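Comments concern the structure below.
Protein chains in written order, with my numbering: chain A, 9 to 122; chain B, 642 to 755.
Pasting the structure below:
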């Protein structure tokens with residue numbers, strides 16, 4: 009069955025360091041992969057999308073890589089700040105094309121300490 | 642511009658009662674999604690609509706769950722009768738034409754069934 013795995017353990021890092029979160033998937037050949045941020049008591053917020061033909065994508069301090077051979081995406085936050093503390097979810101479209109039928113990972117909680 | 646609006650934000654009900662959750666998508670968006678989030682199962686897609694028409698309801702857990710979208714600015718998710726295992730946070734999300742992947746989530750409704 010289709011499966012997405014994110015590190016369930018919380019990631020604790022010091023302010024200013026780079027945070028790296030991992031998303032692995034099996035039994036998929038997704039056309040794209042997304043990353044969302046979720047704060048406690050709020051809905052997820054779309055951050056970035058990377059397509060299968062893109063190796064890397066950047067947005068301000070965020071960088072996402074997508075390795076379709078390894079079936080893995082890495083999400084980096086450079087120069088991390090306490091305000092980056094949140095849960096980060098990766099998501100894939102489980103339809104055969106761009107259907108919007110997203111399947112989400114369980115999320116990794118990031119804690120940035122000042 | 643207002644985001645996705647959900648009501649109520651919190652609902653506490655007794656087992657066997659009918660529950661109706663409401664959603665107003667972002668104006669101009671033509672796709673609407675209902676999700677459920679629990680600690681055990683994470684964020685799961687229940688049903689989604691495109692141009693007010695239900696496209697895929699394969700995620701709806703049981704016949705006790707039903708969803709409607711009578712017009713472009715309103716949708717409901719109904720549970721009848723409710724059970725304690727339905728306790729979760731229910732999110733509504735919408736996306737613009739042709740961009741199913743960029744989903745904008747509402748604040749969610751926290752449902753507790755006792």
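Note that beta-carbon positions come from the ideal geometry of N, C-alpha and C, so glycine has one too.
This structure is a prediction, so every number in the text was calculated from the model and none was measured.
Discussion item. My assumption, with CB atoms under 8 Å, is that residue 650 (chain B) sits in contact with residue 750 (chain B). Please give the rounded CB distance.
Written reply: Your numbering for residue 650 (chain B) matches position 9 in the second chain. Your numbering for residue 750 (chain B) matches position 109 in the second chain. 6 Å between Cβ atoms; contact.
Fill in: C-beta contact flag for residue 88 (chain A) and residue 18 (chain A) at 7 Å
On the first chain, residue 88 (chain A) is found 80 positions in, with the first residue counted as 1. On the first chain, residue 18 (chain A) is found 10 positions in, with the first residue counted as 1. For residue 88 (chain A) and residue 18 (chain A), no; Cβs fall outside 7 Å.
Item to complete: Compare the C-beta of residue 683 (chain B) with all C-beta atoms of chain A and state if any pair is closer than 7 Å.
Response: If you number the second chain from 1, residue 683 (chain B) lands on position 42. Under the 7 Å criterion on CB atoms, residue 683 (chain B) is classed as interfacial with respect to chain A.
Worksheet item: Roughly how many whole angstroms lie between the Cα atoms of residue 65 (chain A) and residue 71 (chain A)?
Response: The sequence position of residue 65 (chain A) within the first chain is 57, counting from 1. The sequence position of residue 71 (chain A) within the first chain is 63, counting from 1. Spanning the alpha carbons of residue 65 (chain A) and residue 71 (chain A) requires a straight line of approximately 6 Å.
Worksheet item: Mind checking if residue 732 (chain B) is an interface residue toward chain A, Cβ cutoff 7 Å exclusive?
Response: The residue labelled residue 732 (chain B) in the question sits at position 91 within the second chain. For residue 732 (chain B), the answer is yes, since a Cβ of chain A falls inside 7 Å of its Cβ.
Discussion item. Contact between the region 666 to 683 of chain B and the region 726 to 735 of chain B is defined here as three or more beta-carbon pairs at a separation below 8 Å; is this criterion met?
Written reply: Flag = yes, the region 666 to 683 of chain B and the region 726 to 735 of chain B touch.
Item to complete: Output yes if chain B places a C-beta closer than 7 Å to the C-beta of residue 114 (chain A); else output no.
Response: Position 106 of the first chain, counting from 1, holds the residue named residue 114 (chain A). Interface annotation, residue 114 (chain A): in contact with chain B, CB-CB separation under 7 Å.
Worksheet entry | Distance between residue 49 (chain A) and residue 648 (chain B) (C-alpha atoms, nearest Å) | In the second chain, residue 648 (chain B) corresponds to position 7, counting from 1. In the first chain, residue 49 (chain A) corresponds to position 41, counting from 1. Taking C-alpha positions only, residue 648 (chain B) is separated from residue 49 (chain A) by approximately 14 Å.
Discussion item. Looking at residue 688 (chain B): is its Cβ nearer than 7 Å to the Cβ of residue 708 (chain B)?
Written reply: Locating residue 688 (chain B) in the second chain gives position 47, counting from the first residue. Locating residue 708 (chain B) in the second chain gives position 67, counting from the first residue. When the beta-carbon positions are compared, residue 688 (chain B) and residue 708 (chain B) come within less than 7 Å of each other.
Worksheet item: Between residue 652 (chain B) and chain A, is there a C-beta pair that is closer than 7 Å?
Response: For the purposes of this step, residue 652 (chain B) is taken as residue 11 along the second chain, with counting starting at 1. No - not a single Cβ of chain A is within 7 Å of the one on residue 652 (chain B).
Worksheet item: Span of the beta strand (DSSP E) holding residue 710 (chain B)?
Response: Here residue 710 (chain B) corresponds to residue number 69 of the second chain, with the count starting at 1. Element bounds for residue 710 (chain B): 706 to 712.
Item to complete: Grab the span of the beta strand (DSSP E) containing residue 114 (chain A) for me, first residue to last.
Response: Indexing the first chain from 1 puts residue 114 (chain A) at position 106. Run containing residue 114 (chain A): none; DSSP gives neither H nor E here.
Fill in: Simplified DSSP state of residue 677 (chain B), which is helix, strand or coil
Translated into the one-based positions of the second chain, residue 677 (chain B) becomes position 36. Residue 677 (chain B): strand per DSSP, three-state reduction.
Discussion item. Given this structure, state the Cα-to-Cα distance separating residue 698 (chain B) from residue 109 (chain A), to the nearest angstrom.
Written reply: Taking the second chain and counting its residues from 1, the one referred to as residue 698 (chain B) is at position 57. Taking the first chain and counting its residues from 1, the one referred to as residue 109 (chain A) is at position 101. C-alpha separation (whole angstroms): 10 Å.
Worksheet item: What does a CB cutoff of less than 7 Å around residue 710 (chain B) pick up in its chain, not counting 5 residues either side in sequence?
Response: Looking up residue 710 (chain B) in the second chain gives position 69. In the same chain as residue 710 (chain B), and ignoring 5 residues on each side of it, the C-beta atoms closer than 7 Å to its own belong to 673, 690, 693, 716, in chain order.
Discussion item. Just to confirm the assignment: which complete beta strand (DSSP E) runs, minimum length 3, are found wholly within the region 21 to 79 of chain A?
Written reply: Taking only runs of at least 3 residues, the beta strand (DSSP E) segments lying wholly in the region 21 to 79 of chain A are 27 to 34, 40 to 46, 53 to 59, 64 to 67, 70 to 75.
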